[in-house]
Amino acid sequence: MDFFLDVVLPIPLQRFFTYRLNAEQASLIKKGVRVAVPFGKSKIYTAIALDIHHNAPIAYDAKEIHQVLDSEPIITGTQLKHWQWIAEYYMCTLGEVLRGALPSAFLLESETLVQSSKMENVDEAELTDNEFLILEALKHQSSLKIDEISKIVDRKNVLPIVNQLVKKEAIILHESLNELYRPKLEKYIRLNTLYESENNLENLLKTLTRAQKQSQAILAFFQLKPKNSALIKVNEFVKSSGISKAVIKALIDKGIFEAVKVRTDRIQFEENSKEVNQIQLNELQTKAIVNIKSSFNSNKVCLLHGVTSSGKTEVYIKLIDEVLRAGKQVLYLLPEIALTSQLINRLRAYFGNKVAVYHSKYSVNERVEVWNNVLHNTKKAQIVIGARSALFLPFGHLGLVVVDEEHESSFKQFDPAPRYHARDAAIVLASLQESNCLLGSATPSIETYFNVKSKKYGFAQMSRRFGDVLMPEIELVDIKEATRKKRMKGHFSERLLEEISTCLEEKEQIILFQNRRGFAPIVECTTCGNATQCPNCDVSLTYHQHRNQLRCHYCGYHMSLVQSCQACGNNTLDTKGFGTEQIQEELLKLFPNHRIGRMDLDTTRGKYAYEKIINAFENHEFDILVGTQMVTKGLDFRNVALVGIMNADNLLNFPDYRAHERSFQLMTQVAGRAGRTEKRGRVLIQTYNPYHQILHQVSNYDFDKMFTEQLYEREQFKYPPHVRIIRITLKDKDYNKLNEASDWFASSLRNVLKTQVLGPEYPAVARIRNQYLKNILIKISSNSSVLQTKNSIKRIEKSFNAISYYRSIRLIYNVDHI
Ligand code: ADP
Ligand code: ZN
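When we follow this note's numbering, the leftmost residue of the sequence shown carries the number 2, and every step to the right adds one.
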């Protein structure tokens with residue numbers, strides 16, 4: 002009987018692909034193992050095995066699989082179900098979810114390797130110089146990759162040369178699979194078992210009386226070797242004994258020591274010391290836990306709405322502790338930029354080794370280790386802290402999912418597919434795993450709060466700061482008048498400068514928030530009004546003074562700053578708007594005796610750059626920290642007495658239906674960084690419009706009013722949570738084709754759908770990386786079916802793809818676009 006295997010490939014295919022198996026493979030393969038399979042003309046992919054059956058595919062001849070890569074599944078059935086949900090809900094393929102979900106080390110690379118044919122009859126006289134060079138290199142190395150060959154002969158396209166060499170039978174090619182993940186091996190030594198007997202050991206030491214260092218090394222070995230192990234780590238041995246590596250090597254060469262390589266997990270932490278029992282919850286926290294548990298008991302997701310510094314983390318820690326005691330796993334999700342060592346350290350203080358971190362800045366190998374630890378439910382990954390991708394881990398015993406800062410829009414993946422919302426996908430995950438789910442925030446999203454109001458979610462609240470520390474006092478500073486009367490010093494009002502000076506005198510720290518990085522967003526000619534544009538995108542370039550460059554924040558294009566206007570040639574260029582870099586610059590002039598740090602995308606690129614700035618600020622290595630929204634997220638600085646928001650207006654005036662909600666969240670969160678100890682903190686918000694209702698809601702901490710007003714507006718103008726939005730983006734290099742195609746798509750949608758279809762329209766930036774963009778917005782009201790709408794869209798996509806002229810156009814679905 003024939004056996005066939007359905008697999009998911011990590012590419013956007015609508016269907017599963019089927020391969021032929023022999024009987025032995027069929028008996029070996031389990032659902033969820035990886036298999037290497039040929040696909041297309043010459044590619045080899047890693048795929049995930051699904052079902053084995055006897056039905057040959059109809060449309061094509063099933064190929065044989067290449068190799069079975071795992072003996073045990075690395076993906077669980079529940080995971081597959083969850084991923085399937087993500088694919089369906091967010092309108093992408095399971096393959097795309099797979100690619101986003103698995104650490105890349107699990108997905109094997111297919112690379113062409115070149116080897117020498119070792120044929121004797123190659124006539125060197127017949128070889129060109131380049132061919133000769135390649136063969137020479139192959140005498141020293143058993144194989145070369147194509148790009149290595151490129152480097153040797155110093156040219157890009159080497160395939161013709163390689164082909165010539167194949168023809169001359171000088172080399173052979175083969176496709177090889179490289180397993181990318183390599184467990185980290187550590188060098189240990191042990192004493193040859195021969196010397197386990199006292200006699201032999203004594204004799205050995207006698208023979209070594211001349212070699213003093215070597216006999217010292219052996220004695221040190223016995224002193225330092227851990228009691229329960231025959232092995233000692235070479236590095237530790239060298240460090241504690243002072244014995245040199247040369248001496249160790251001599252002993253290994255003599256066969257007295259033996260070198261052993263041991264696989265160690267990269268992820269190692271010290272043992273925990275603090276007891277969770279020692280936390281004394283206050284009354285609000287205790288009550289919050291009661292409410293949270295009662296929602297859990299009725300199988301509801303629960304929102305914990307606690308003002309900044311109310312002690313939410315302590316509440317999480319208590320809940321986590323109970324879940325661990327019940328032998329279950331915990332997933333703790335945080336938005337990418339809030340993933341700070343501060344929180345990780347707090348959790349590790351209680352749970353030590355059980356805390357694993359899963360983060361894109363970690364190496365692929367570290368991620369594979371967390372994956373395996375979660376899969377095997379080992380001690381080392383009882384609690385996983387991670388950004389959104391952590392919800393793809395192979396949990397089997399999940400007891401609690403915490404989504405901290407649930408309002409954060411960075412939980413939504415923007416590009417590439419799957420464009421999922423991690424909070425929502427986590428809620429689904431929790432329900433598939435029969436786990437509890439807790440959302441936490443000081444400024445919940447309108448959607449979540451709406452779900453609380455409509456009793457879909459449970460609710461717990463903590464409306465005062467822990468230790469009854471007062472919420473900071475928020476003052477609105479009108480800069481319209483001051484600007485008109487030219488009484489601003491750069492971008493600082495007199496009021497803000499006064500407060501900064503007082504703080505500095507008292508040796509307190511200050512955070513200044515400006516929502517833009519760079520020096521100034523735009524360099525504009527005051528004669529003709531021309532601003533230098535990015536050649537690839539429809540945006541003006543941003544001025545970065547530090548490098549004296551104009552840069553595009555969309556595609557990375559940069560050029561050095563020109564002295565005269567490129568349009569009219571006049572020497573009248575001036576900057577407009579301002580960013581973090583300029584604020585830092587002004588501060589250095591205003592307060593030359595103080596240290597000023599900056600935290601934005603430009604200063605936090607390396608793996609630890611972000612932590613370094615946070616630590617430096619914590620250690621008071623600088624007095625003022627200027628930053629973008631990175632400074633708003635869950636940071637806990639003891640000594641910050643003042644927070645300044647440089648300009649509230651560019652937040653409020655952002656053209657998006659969420660701008661007001663976001664401004665409220667952002668300003669409340671930044672304000673929350675001030676005065677977290679006894680002394681009441683102070684917040685100054687500079688604005689041209691101190692009468693704006695959002696600013697009043699921020700300064701009065703009136704979340705409920707903000708919610709009610711925003712919900713009313715959403716209802717009036719048909720926005721979530723009253724409708725669901727699917728945004729379709731069409732993308733192409735050809736402007737006319739894009740217009741025609743998007744009109745076609747929109748009118749087809751209008752013909753079929755019963756819901757509101759808006760557009761096509763150009764987005765604010767209508768061209769990125771030389772691709773034109775157009776958006777169609779579909780608003781699905783609560784009385785129409787989301788599923789049916791999606792199916793109709795998919796049917797229209799099919800007809801669309803059947804039109805060959807439109808084939809180059811990329812279609813991007815963004816469900817619940819935010
Ligand atoms: P949030 O996460 O709500 O902003 P945190 O959990 O960071 O608040 O708590 C604010 C501060 O109060 C922290 O320094 C924390 O250590 C302290 N704290 C909170 N709850 C307790 C408690 N039960 N006992 C002692 N300190 C607490
Ligand atoms: Zn650009």
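Beta carbons: idealized from backbone N, C-alpha and C, even for Gly. A quick note: this is a predicted structure, and the numbers were derived from the prediction, not measured.
Checklist entry - Would you say the stretch 369 to 378 touches the stretch 339 to 354, given that touching needs at least three Cβ pairs under 8 Å? => result No, the stretch 369 to 378 is not in contact with the stretch 339 to 354.
Next on the checklist: Tell me which residue opens and which closes the beta strand (DSSP E) that PRO849 is part of.
Outcome noted: The requested residue 849 does not occur in the structure, where the chain is confined to residues 2 to 819.
Item to check | Spatially closest choice to LEU186 from LEU195, ASP155, ASN236, LEU145, by CA coordinates | outcome: In the sequence shown, residue 186 corresponds to position 185, counting from 1. Out of LEU195, ASP155, ASN236, LEU145, ASN236 has the C-alpha closest to the C-alpha of LEU186.
Next on the checklist: Using only Cβ atoms and a threshold of 6 Å, which residues come within that distance of a heavy atom of ligand 1? Order them by chain position.
Outcome noted: Around ligand 1, the residues selected by a Cβ distance under 6 Å to any of its heavy atoms are ILE280, GLN281, LEU282, ASN283, GLN286, GLY307, THR309, SER310, SER311, GLY312, LYS313, THR314, GLU315, PHE467, ASP637, following chain order.
Item to check | With 16 other Cβ atoms within 10 Å as the buried cut-off, status of TYR463 | outcome: Counting from one through the sequence shown, the residue named residue 463 turns up at place 462. Reading the sequence as shown, one finds Met at residue 463 and not Tyr. MET463 is buried by the Cβ-count criterion.
Checklist entry - So what does DSSP say about ILE135, is it helix, strand or coil? => result Here residue 135 refers to the residue found at position 134 of the sequence shown. Three-state DSSP puts ILE135 in a helix.
Next on the checklist: If you reduce the DSSP assignment to three classes, tell me which class TYR763 lands in.
Outcome noted: The sequence position of residue 763 within the sequence shown is 762, counting from 1. TYR763 carries a coil assignment under DSSP once its states are collapsed to helix, strand and coil.
Checklist entry - If you count every other CB in all the chains shown that lies within 10 Å of the CB of SER436, and 16 or more means buried, which is it? => result Here residue 436 refers to the residue found at position 435 of the sequence shown. Buried.
Checklist entry - Alpha carbon to alpha carbon, how far is THR543 from SER245? => result Here residue 543 refers to the residue found at position 542 of the sequence shown. Here residue 245 refers to the residue found at position 244 of the sequence shown. Cα-Cα distance, rounded: 54 Å.
Checklist entry - At a cut-off of 7 Å, is LEU139 close to ligand 4 when judged by its beta-carbon and the heavy atoms of the ligand? => result As far as ligands go, the structure on display features ligand 1 and ligand 2 and does not contain ligand 4.
Item to check | Simplified DSSP assignment, three categories, for PHE5 | outcome: Indexing the sequence shown from 1 puts residue 5 at position 4. Strand at PHE5.
Checklist entry - So what's SER242 in DSSP terms, helix, strand or just coil? => result Here residue 242 is taken as the residue at index 241 of the sequence shown, counted from 1. It is helical.
Checklist entry - Taking the C-alpha atoms as reference points, what is the distance between GLN224 and VAL358? => result In the sequence shown, residue 224 corresponds to position 223, counting from 1. In the sequence shown, residue 358 corresponds to position 357, counting from 1. Taking the straight line joining both Cα atoms gives about 35 Å.
Item to check | ILE59 classed as buried or exposed, judged by whether at least 16 other C-beta atoms fall within 10 angstroms | outcome: Here residue 59 refers to the residue found at position 58 of the sequence shown. ILE59 is exposed by the Cβ-count criterion.
Checklist entry - Going by the CB atoms, is the gap between VAL8 and LEU70 shorter than 8 Å? => result Looking up residue 70 in the sequence shown gives position 69. Looking up residue 8 in the sequence shown gives position 7. Against a cut-off of 8 Å, the Cβ pair of VAL8 and LEU70 comes out as no contact.
Checklist entry - Taking the alpha-carbon positions, what's the ILE625 to ASN640 distance? => result Locating residue 625 in the sequence shown gives position 624, where the first residue counts as 1. Locating residue 640 in the sequence shown gives position 639, where the first residue counts as 1. Taking the straight line from one Cα to the other gives about 11 Å.
Next on the checklist: When you compare the CB positions of GLY673 and SER310, do they come within less than 8 Å of one another, or not?
Outcome noted: Taking the first residue of the sequence shown as 1, we reach residue 673 at position 672. Taking the first residue of the sequence shown as 1, we reach residue 310 at position 309. Yes, they are a contact pair.
Item to check | Beta-carbon gap between LEU696 and ALA660 smaller than 8 Å | outcome: Your numbering for residue 696 matches position 695 in the sequence shown. Your numbering for residue 660 matches position 659 in the sequence shown. No, they are not a contact pair.
Next on the checklist: Contact defined as beta carbons within less than 8 Å: I believe ILE190 pairs with ALA102. What is the distance between those atoms, to the nearest angstrom?
Outcome noted: Taking the first residue of the sequence shown as 1, we reach residue 190 at position 189. Taking the first residue of the sequence shown as 1, we reach residue 102 at position 101. Actually they are not in contact, since the Cβ atoms of ILE190 and ALA102 sit about 40 Å apart, beyond 8 Å.
Checklist entry - What's the C-alpha gap between SER700 and ASN690? => result The residue labelled residue 700 in the question sits at position 699 within the sequence shown. The residue labelled residue 690 in the question sits at position 689 within the sequence shown. Going by the C-alpha atoms only, they are around 14 Å apart.
Checklist entry - With distances taken from CA atoms, which of LYS380, ASP148, ILE30, TYR196 is nearest ALA231? => result As a working note, residue 231 is residue 230 in the sequence shown. Nearest of LYS380, ASP148, ILE30, TYR196 to ALA231, Cα basis: TYR196.
Next on the checklist: Considering just the uninterrupted stretch of the beta strand (DSSP E) at VAL641, what are its terminal residues?
Outcome noted: Position 640 of the sequence shown, counted from the first residue, corresponds to residue 641. Counting along the chain, the beta strand (DSSP E) containing VAL641 begins and ends at 641 to 646.
Checklist entry - Beta-carbon separation of ALA37 and GLN68 under 8 Å? => result One-based indexing of the sequence shown puts residue 37 at position 36. One-based indexing of the sequence shown puts residue 68 at position 67. Taking 8 Å as the cut-off, the Cβ atoms of ALA37 and GLN68 count as close.
Next on the checklist: Suppose the cutoff is 7 Å on Cβ atoms and the five residues either side in sequence are ignored; what does the same chain contact list for GLN434 look like?
Outcome noted: The residue labelled residue 434 in the question sits at position 433 within the sequence shown. Here the set comprises THR79, PHE396, LEU399.
Checklist entry - Between ILE804 and LYS732, what straight-line distance do the alpha-carbon atoms span, to the nearest angstrom? => result Along the sequence shown, one-based indexing puts residue 804 at 803. Along the sequence shown, one-based indexing puts residue 732 at 731. Cα to Cα, ILE804 sits roughly 16 Å from LYS732.
Next on the checklist: Is the beta carbon of PHE460 closer than 8 Å to that of LEU285?
Outcome noted: Taking the sequence shown and counting its residues from 1, one reaches residue 285 at position 284. Taking the sequence shown and counting its residues from 1, one reaches residue 460 at position 459. The Cβ-Cβ distance between LEU285 and PHE460 does not fall below 8 Å.
Next on the checklist: Helix, strand or coil, according to DSSP, for LEU392 in the structure here?
Outcome noted: As a first step, residue 392 must be located in the sequence shown, where it is residue number 391. Reduced to three states, the DSSP call for LEU392 is helix.
Checklist entry - Residue range of the beta strand (DSSP E) that GLY628 falls in? => result On the sequence shown, residue 628 is found 627 positions in, with the first residue counted as 1. From DSSP, the beta strand (DSSP E) with GLY628 extends over 625 to 628.
Checklist entry - Nearest CA to the CA of LYS791: which residue from ARG768, PHE708, CYS93, ALA675? => result Within the sequence shown, numbered from 1, the residue matching residue 791 stands at position 790. Out of ARG768, PHE708, CYS93, ALA675, CYS93 has the C-alpha closest to the C-alpha of LYS791.
Checklist entry - With C-beta atoms as the reference, is SER785 less than 8 Å away from THR756? => result Translated into the one-based positions of the sequence shown, residue 785 becomes position 784. Translated into the one-based positions of the sequence shown, residue 756 becomes position 755. Their beta carbons are under 8 Å apart, which means SER785 touches THR756 by this criterion.
Item to check | Reduced DSSP secondary structure (H/G/I, E/B, other) of ILE808 | outcome: Within the sequence shown, numbered from 1, the residue matching residue 808 stands at position 807. Note that residue 808 corresponds to Arg in the displayed sequence, not to Ile. It is coil, neither helix nor strand.
Checklist entry - Hey, LYS380 and ASN354: beta-carbon distance below 8 Å or not? => result Along the sequence shown, one-based indexing puts residue 380 at 379. Along the sequence shown, one-based indexing puts residue 354 at 353. Yes, these two residues count as a Cβ contact at 8 Å.
Item to check | Other residues of its chain near ILE810: CB distance less than 6 Å, five sequence neighbours each side excluded | outcome: For the purposes of this step, residue 810 is identified with residue 809 of the sequence shown, where counting begins at 1. Once the five neighbours on either side are set aside, the close Cβ partners of ILE810 are LEU731, ASP733, ALA742.
Item to check | Between the CA atoms of PRO593 and THR449 - distance to the nearest angstrom | outcome: Taking the first residue of the sequence shown as 1, we reach residue 449 at position 448. Taking the first residue of the sequence shown as 1, we reach residue 593 at position 592. Taking the straight line joining both Cα atoms gives about 46 Å.
Next on the checklist: Which same chain residues end up closer than 7 Å to LEU667 when comparing Cβ atoms and leaving out the 5 residues on each side of it in sequence?
Outcome noted: Residue 667 sits at position 666 when you count from the first residue of the sequence shown. GLN630, THR633, LEU652.
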